[in-house]
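Engineer:
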Ligand SMILES: Nc1ncnc2c1ncn2[C@@H]1O[C@H](COP(=O)(O)OP(=O)(O)OP(=O)(O)O)[C@@H](O)[C@H]1O
Ligand SMILES: [Mg+2]
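Chains as they are written, first to last, in this note's numbering: chain F, 17 to 274; chain L, 729 to 1092.
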C-alpha cells in the first residue's frame, strides 16, 4: 500500500495540483464572504494564509472539505471535483484532514479513543491495528504517555497535538490548519509549531491559516494575504514579508509585526 | 514515634481542641454564624417535637398481627392492615395459588436491573439475558404454556402491574424521546415539524386525559370485534406522554453541544448516525442525566394515575383494602406503606443516576 503511494508520487510531476480552486464564490445570506477565489496548491506544497479577522480565511479552507458549501466556481481536490455528490464529498474528506483553532477533541473519549474513532468506524480498521496506529502518531507528536487520559486532563498545547495526531490517523494527503495556535498560551505555541514543522519536513501538503511569521518563513512555499473575501497578494515568504506590493498587505503587516 | 516527638516540640502548631473532633465538627457545620446557629436550634426543636411521638406511634404502640377490630382501641399504628392484606395489596386479583409466578417475575426483573447497574456488564450477553428474561416474565404472568394455567391480564394488579407500567414505560419512552429530539433537530422539514407537532400536542395535554382517551375514546375508533388490551393502551399512553418530556430535555442537551464537535466528526468522515451515536449523544445525554431522571421519577409516580381507568395497580389495590369496612380508617398506615415502596423506587433511581454521572465524568 505504502509502496504504491510512493511510486505514484514519483510518477507524478511535482507541479501537479492537489487542490485547484477556480473562481469560487460563497455567500452567507446576502453577505458575499468569498469573492472569486483562485488558488492552486501543488503536491507537497505548503501555503500559509494570513489576513484580518473576518476576511474569509476560515471559510475558504472549510469549503475545501465541505464544512461550508461554495455556491459558484469549482473546487477540485486530487482530481475529484467537490459537488453535491455525496460519494465525492466522502472521498475528499478521506484525503483532507483539518485541525481547528479550538481542537474539537471528543471530551468523552480517551486520547487513544479519539484517535481510533475515525479509523475504526470510517476505515473499518480492526481495533488492535487502529490502536497501534494511534500510538505511532502519538509518538510522533511526542505525547504517547498521555494515551489513556481524557482531553480535559491535558494542556491546550497537548490537546492541539492530539488533534493533529487524530487527523494524521486518517492518513490524509492534505492537512488544513485553521489558526492552530491562536487559542494557546504563548509557552505552548512552540510545541505545536514544532510538530507542524516536522510534518512539513515529511512532505505533507499543507494549508495553514496563521499569523506566526517565523513558521511561515521556515516552512511555507507561499504566503497569501486575504482581505474582504479575496486573495489580495501571494508570494514567497521572503518577498511577502520584505517587499509587500499591495497597500492593504503593507498596512496589515505593519499592524501584525509589532 | 518521631512524629509525636516533633509535635510536642512545636506544640503551638497543634490545632486547637475546638476545631477537631465532634465539637469541632459541630462548630464548623452547625454553629458557624448566628443564622446557622438559629437554624440548628430550630431544627433540633422540631426534631424533638416530631421524632419521639412518631417512633411511639409507629413502633412502641403499634400492633402487627391483629384483626381490624382489635386495632380500633389502640392509639398506635395498625400495621395489621398491611400484614393481613399484604398479598392482595401486592398481587391484586392474581389467582391466590398462582401468586408465586408474579413474585418470581419480579425477582427476575430486580435481578436483571441489579445486574445491569454495572456499566461493565453492558455487553451483548446482557441484551440476550434481557430478551430471555422478558419472555420468561411474560410467560410467568400470562401462563398458558408449559403447564402454567392461563391468567387473563385483567387479573393482573398490584406491584407487578405498577412495575410493568413503569419499567416498560420508562425504558420505551427514553429511546423514543431521544429519537423525537433528534427529529426535532432534523434538517428535513417534514420530519422536524412532525416531531414538533407531536411533542407540543402531547405536552399540552395532562396524562390523565391521555389515559382517558386510551381507555374510552380510542376503542370507539376500532372496528367492531377488535379489542386492544387495556393495560397495553395505558402503557402506550404513558410511553407517549413521557417520551415528549424526555425529547425536550434531550433537545436541551443537544443544543448544548458545540458546532465544533459536529464538524470534527464530519470532517473525519463519520456519517450522521455514527456522529450522533459515537460523538454527540454520549455527551448530550450525559449532560441531561439530572433532568432526565427527574422526568423518569415523576413518570414512575404518575403510573399511579391508571387508577382512574380502573387498572388495579398498587395504589388501587391499597385503596380497595381501605374500602373494606374492617380496615376503613387506617389509610395513614396503608398510604405510608406504599409511599415507602414508591420512595424506594425513586430513591434507587436518583441514587443510580448519581453513580452513573460520577462514572461518566471525564473531568479531572
Ligand atoms: N455560518 C455563518 N453564517 C453567517 N456568517 C458567517 C458564518 N461564518 C462566518 N461568517 C461571516 O463570514 C465572515 C468571514 O468569516 P471567517 O470565519 O471566514 O473569517 P476569518 O478570516 O477566518 O476570521 P478570523 O481571523 O476572525 O477567524 C465573517 O464576517 C463572519 O462573520
Ligand atoms: Mg477564522
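Glycine residues also receive a C-beta, built at the ideal position from the N, C-alpha and C atoms.
Predicted model, so just to flag it, every value in this text is computed and none were measured.
(1) Classify residue 989 (chain L) as buried or exposed, calling it buried when 16 or more other Cβ atoms lie within 10 Å of its own Cβ.
(2) Could you tell me whether the region 62 to 75 of chain F touches the region 238 to 252 of chain F, using the rule of 3 or more Cβ pairs below 8 Å?
(3) Looking at residue 74 (chain F) and ligand 2, is the gap between the Cβ and the nearest heavy atom below 7 Å?
(4) Taking Cβ positions, are residue 885 (chain L) and residue 878 (chain L) nearer each other than 8 Å?
(5) Classify residue 874 (chain L) as buried or exposed, calling it buried when 16 or more other Cβ atoms lie within 10 Å of its own Cβ.
(6) Whole angstroms are fine: how far does the CA of residue 156 (chain F) sit from the CA of residue 25 (chain F)?
(7) Below 7 Å between beta carbons is the criterion; list the residues of the region 983 to 1005 of chain L that meet it against any residue of chain F, in chain order.
(8) Measure the C-alpha to C-alpha separation of residue 931 (chain L) and residue 756 (chain L) and round it to an integer number of angstroms.
(9) Less than 8 Å between the beta carbons of residue 130 (chain F) and residue 109 (chain F), yes or no?
(10) For residue 931 (chain L), report the span of its alpha helix (DSSP H) as first-last.
(11) So is residue 775 (chain L) buried or exposed if we call it buried at 16+ other beta carbons inside 10 Å?
(12) Does DSSP put residue 256 (chain F) in a helix, a strand or coil?
(13) Among L:1069, L:1000, L:876 and L:839, which residue has its Cα nearest to the Cα of residue 914 (chain L)?
(14) Residue 994 (chain L): beta carbon under 7 Å from a heavy atom of ligand 1?
(15) Tell me, to the nearest whole angstrom, how far the beta carbon of residue 191 (chain F) is from that of residue 220 (chain F); I am working on the premise that it is less than 8 Å.
(16) Consult DSSP for residue 26 (chain F) and reduce its assignment to one of helix, strand or coil.
(17) Per DSSP, which one or two residues make a beta bridge with residue 224 (chain F)?
(18) Does residue 101 (chain F) have its Cβ less than 8 Å from a Cβ in chain L?
(19) Rounded to the nearest angstrom, what separates residue 893 (chain L) and residue 966 (chain L) at their Cα positions?
(20) In the structure shown, what three-state DSSP assignment does residue 17 (chain F) receive?
(21) Within the same chain, show all residues whose beta-carbon is closer than 8 Å to that of residue 798 (chain L), passing over the 5 residues directly before and after it, in chain order.
(22) Looking at ligand 2, does it come within less than 7 Å of residue 243 (chain F), judged from the CB to the closest heavy atom?
(23) Do residue 268 (chain F) and ligand 1 come close, with the Cβ less than 7 Å from some heavy atom?
(24) For a contact meaning CB atoms closer than 8 Å, what does residue 110 (chain F) contact in chain L?
(25) State whether the region 909 to 924 of chain L contacts the region 974 to 993 of chain L, with contact taken as three or more CB pairs (one from each stretch) at a distance under 8 Å.
(26) What does the alpha-carbon distance come out to for the pair residue 933 (chain L) and residue 162 (chain F)?
(27) I want to check one thing, is the minimum distance from the CB of residue 1034 (chain L) to the heavy atoms of ligand 1 below 7 Å?
(28) Quick check on residue 973 (chain L): buried or exposed, where buried means 16 or more other Cβ atoms within 10 Å of its Cβ?
(29) Here's the rule I'm using: 16 or more other beta-carbon atoms within 10 Å means buried, otherwise exposed. How should residue 144 (chain F) be labelled?
(30) Any heavy atom of ligand 1 closer than 7 Å to the beta-carbon of residue 49 (chain F)?
(31) Quick check: the Cα distance between residue 811 (chain L) and residue 830 (chain L), rounded to an integer number of angstroms?
(32) Assuming the contact rule is C-beta atoms closer than 8 Å, residue 106 (chain F) and residue 188 (chain F) should be a hit. Round their C-beta distance to whole Å, please.
(33) Is any heavy atom of ligand 2 found at a distance shorter than 7 Å from the C-beta of residue 195 (chain F)?
(34) Just the Cα atoms here: how many angstroms apart are residue 848 (chain L) and residue 816 (chain L)?
(35) Quick check: the Cα distance between residue 138 (chain F) and residue 200 (chain F), rounded to an integer number of angstroms?
(36) Pick from F:185, F:184, F:173 and F:104: whose alpha carbon is nearest that of residue 203 (chain F)?
Structural biologist: In short, the structure shows the following:
(1) buried
(2) yes
(3) yes
(4) no
(5) exposed
(6) A caution first: residue 25 (chain F) carries a pLDDT of 38, below 50, which makes its placement in the model too unreliable to give a value.
(7) 988, 989, 991, 992, 994, 995, 996, 997, 998 and 1002
(8) 46 Å
(9) no
(10) 917 to 931
(11) exposed
(12) helix
(13) L:1000
(14) no
(15) 5 Å
(16) Unreliable placement is indicated for residue 26 (chain F), whose pLDDT of 37 sits below 50; the coordinate value is still reported in the next sentence. Three-state result, residue 26 (chain F): helix.
(17) F:64 and F:193
(18) no
(19) 8 Å
(20) Because residue 17 (chain F) carries a pLDDT of 38, less than 50, the predicted location of this residue cannot be relied on, and the following value inherits that uncertainty. In the structure shown, residue 17 (chain F) sits in coil (DSSP, three-state: anything other than H, G, I, E or B).
(21) 791 and 808
(22) no
(23) no
(24) 997
(25) yes
(26) 52 Å
(27) no
(28) buried
(29) exposed
(30) yes
(31) 19 Å
(32) No, residue 106 (chain F) and residue 188 (chain F) are not in contact; Cβ-Cβ is about 13 Å, not under 8 Å.
(33) yes
(34) 38 Å
(35) 30 Å
(36) F:173
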